[in-house]
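Numbering (my numbering), first residue to last: 53 to 265.
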């Protein structure tokens, strides 16, 4: 590689680093405003002011306020999920593994409950590219749950005839239900939220019907 190519490569890496740092600053600033002002009270111009950058710079990274909201939510969930799966214990039951993952997500939302409430209340308005990105994130999570369910089947924890897809969707729905109730509460108690989810999951996995003899 000649000197010109090396300089061009170095310059390209520097531009990418700057682009990433700018994007991260935009997300940090947007999150702070969404938390303080809510979705309706936050504007793209206000985000630019909070980030101390040009108004047009924001639009080089995000098309509109809805996309910015989705990106903030997506990044937070990705970090929480990465932590959850990196610390997932393999010497415990499937039930405990699921609660470990859900617990990481719940504690993530509990760190900034006002911001989390803004996310959940407004995420349904997201469309276009970011809707596809968010949908893909959910699909990948459900797929990982299905893999865990299959492993539990192989370990004789879960009956072979149980549909992996339906069970993963049922568990995910239980998690969303408990999370939404906690976010509407006056105080978001992550420990109590995880406890309630554990009870629901136990019912889900063990069933409630009387076994016929």
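C-beta: ideal position from N, C-alpha, C; glycine also. Bear in mind that the values here come from a model prediction, so they are computed numbers and not experimental data.
Check	Outcome
Residue from 71, 144, 230 and 151 whose Cα sits closest to the Cα of residue 172	230
Sub-9 Å separation of residue 176 and residue 253 beta-carbons	no
Candidates 168, 81, 79 and 101: closest to residue 239 by CA position	168
Minimum C-alpha distance to residue 165 - residue among 98, 110, 245 and 101	245
Near the ligand FAD: residue 196 beta-carbon under 8 Å from a heavy atom	Here there are no bound small molecules, and the ligand FAD is not part of this structure.
Residue from 77, 90 and 108 whose Cα sits closest to the Cα of residue 97	108
Every unbroken alpha helix (DSSP H) within the region 146-227, with a cutoff of 4 residues, ordered by chain	146-163, 165-174 and 180-206
Which of helix, strand or coil DSSP assigns to residue 244	helix
N- and C-terminal bounds of the alpha helix (DSSP H) containing residue 102	96-103
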